Every structure is written in C-alpha cells, then in structure tokens.
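Using my numbering, count along the sequence shown one by one with no gaps and you end on 568.
Just so you know, even glycine gets a beta-carbon here, dropped at the ideal spot from N, CA and C.
On a predicted model such as this, the values are computed, not experimentally measured, just so you know.
Everything on this sheet refers to the single structure shown next.
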Amino acid sequence: MPSWANAPMAISHIDLFQEAVRLHREGRPFCTVTVADARGSIPQEIGAKALIGRDGLICGTIGGGKIEAYGCDKARALLTPESGLRTMLERVNLHRDVGMTCAGEMTLLYEVFRPDFEWNVVVFGAGHVAQKLCRLLVELDCRVICIDPRSEWLDRLPHSPRLERRLVKDFADDMDCVPRGAFVVVMTMGHATDLPVLQALFRTDVGAPFIGVLGSDSKAAIMRRELRAGGVANEFIARINCPLGEKFGDNTPADIAVSILSQLVRARRESATK
C-alpha cells in the first residue's frame, strides 16, 4: 500500500511540498492543482492545493466532492504519456462544468511533474574530465548530479540550477540520490574507487538505461572480471559502456568530454524510442 494511502487530505503546504519532493526523488509522476483565482461561492479558498498521482488524490484538497473529482480527472489525463502539457490554467464554472449547486467559478492551475520523463545524469567523480562534461551537460535540458568526496573539486564545478553537488565520504555511500532511470557516468580517481560504485549500482538496481565508465580496453577487461568474481550478474556487466565515449578527437579532457556527451545524447535518443 502506498505510504500516502491513509494520509489526511487536508495538510499544510509545507507537508505537501515535502511529499512532492519525495515523489520526485522516487521518480513518480504527479500533478499539483492550485486554486489560483475564484469568484462567487466556492468550496475552498484561493491558494488551496492538491497533489495528484496517476492513481488519484495523494494529499491536499481543492474543495472535495465533485470539484476534487473533476480536478483529479484532469490531472490524471495530463499525466498520461500522450499529454505534452507541463502547465495548464483552466477556469471552471462550478454549476455548468462540474454540476455543483453553487454558482461560483474557480481558476485551477495544473502543474505536471514527470521525473520519469526528465533526463537525469549522475556523474561519479569531479575530476578534469567531469569538470568539462558537467559544463556541457548543464547547457542541455537535463539535471546533473555530481558526486565526489573532494570538496575542492566540487567547488570548481559550474554554478547552475541544473547541477547538484554531493559531497560524500565514499563514492558508493550515496546511492539514494541517484534518481530511478538516470544515466550514470563513473569517472572517479581510478579502478579502486570505480568498482565499489558499480557494485553498489548493481545492488540498488536504479534502472539506469546507460552506465558508462571512463577507462581503457585493458581496464574494462579487469573491471568485468572483478565484477563477475564479486557476484555481479553478467546481464548487468554487459550493460556497462567501457571504454566510455565516441572514438573521435584527442585525449584532452575537453575532447573526451565532448565524445562522452555525444554518446550520452545518442543513448538517450535510442532509449526514448524503445
């Protein structure tokens, strides 16, 4: 049973936002419905909010009864794969459109959040290549999370609302921050720190459609052998892209970053058509 199944519908905005953050981290789509304006007799005040998922109302309220059922139906329609809308503003006549006895009007603001449609890229390591790669990624329509135990390297990353820095004690400590369905790039200080990350990814099963590891052919062979010896399934090992990046350009951090970006964009396009 979902955690919100027995939750009270009328909750504070802070609690509603916290629930929205939790859903987003879990990669679950949802829609917020807000009473943006109103005229006449209405069942809720301006600013009232409801959080709605694919299965219906999660928490909050825009008035209960028929208007809430109406808002839920609209929100669920916006959450279908066929809908390309992210926001919608709708004026609703409660008597004419909803069948209520009161004759007021409500303007409803629908805001759709589809973390399962967002492109999340998680970069383990903030070294030279990661610095160049993150600067390229933040220019695209994606969310980037960079994980590293070295604060001085994280501080060098570009300042962007699309980029989240995660300071950890060990690279494999913070798998909870990896969104489900994220593309994962592993470029830590070396093989000894790459391996625990891959083992943790296998254990947590974040459903990553792309896993890439920076390294040579010889490193790839050693890595696959050690993963297999450690009990990692062959199916998972076969999904690892190593060496990482397209085969063009020179061996500078900038060239490598461009080649990795090219591979990521191509892989994203291919995964979207499956």
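Here VAL415 is not near LEU373, since their CB atoms are 8 Å or more apart.
Closest by C-alpha distance to ILE441, out of VAL392, THR326, VAL491 and CYS396, is VAL491. For VAL327 against ALA369, the beta-carbon gap comes to about 6 Å, under 8 Å, which counts as contact. For LEU402 against CYS428, the beta-carbon gap comes to about 38 Å, at or over 8 Å, which does not count as contact. Uninterrupted alpha helix (DSSP H) stretches at least 4 residues long and entirely within the segment 461-543 occur at 485-498, 511-523 and 528-532, given in chain order.
Sorting ASP464, LEU461, PRO323 and ALA397 by C-alpha distance to the C-alpha of ILE352 places PRO323 at the top.
Closest option to LEU434, judged by alpha-carbon separation, among THR355, LEU558 and CYS366: LEU558. DSSP lists THR401 as the beta-bridge partner residues of ASP331.
Taking 8 Å as the cut-off, the Cβ atoms of GLY365 and ALA344 count as close. For ASP442, the enclosing beta strand (DSSP E) has its first and last residue at 437-442. About 6 Å separates the CB atoms of LEU430 and ALA551; that is less than 8 Å, so the two are in contact. Beta bridge pairing from DSSP links MET382 with TYR404. In the structure shown, GLY365 falls within a helical segment according to DSSP collapsed to helix, strand and coil.
As a beta-bridge residue in DSSP terms, CYS325 pairs with ILE346 and VAL406. When C-alpha distances from PHE477 are compared across PRO337, LEU388 and ALA561, the shortest belongs to ALA561. The shortest CA-to-CA distance from GLY524 to any of SER510, ARG497, SER512 and PRO375 is the one to ARG497. Check the Cα spacing between PRO337 and each of GLY357, GLU540, LEU388 and GLU458: the tightest is with GLY357. A straight-line Cα-Cα distance of about 9 Å links MET400 and GLY334.
Residue LEU538 holds the alpha-carbon nearest to the alpha-carbon of VAL423 among VAL315, LEU538 and ALA514. Judged by DSSP secondary structure, VAL392 falls outside any alpha helix (DSSP H); it is assigned neither H nor E. When the Cα atoms are used, LEU555 and ALA332 turn out to be separated by approximately 48 Å.
Taking a contact as a CB-CB distance under 8 Å, the pair VAL432 and VAL417 does not count as one, their CB atoms being some 11 Å apart. In the three-state reduction of the DSSP assignment, VAL552 falls in the helix class, which pools H, G and I. Of the candidates ASN528, GLU520, THR546 and ASP511, the residue whose Cα lies closest to the Cα of CYS536 is ASP511. In the three-state scheme derived from DSSP, where H, G and I count as helix and E and B as strand, LEU351 is classed as strand.
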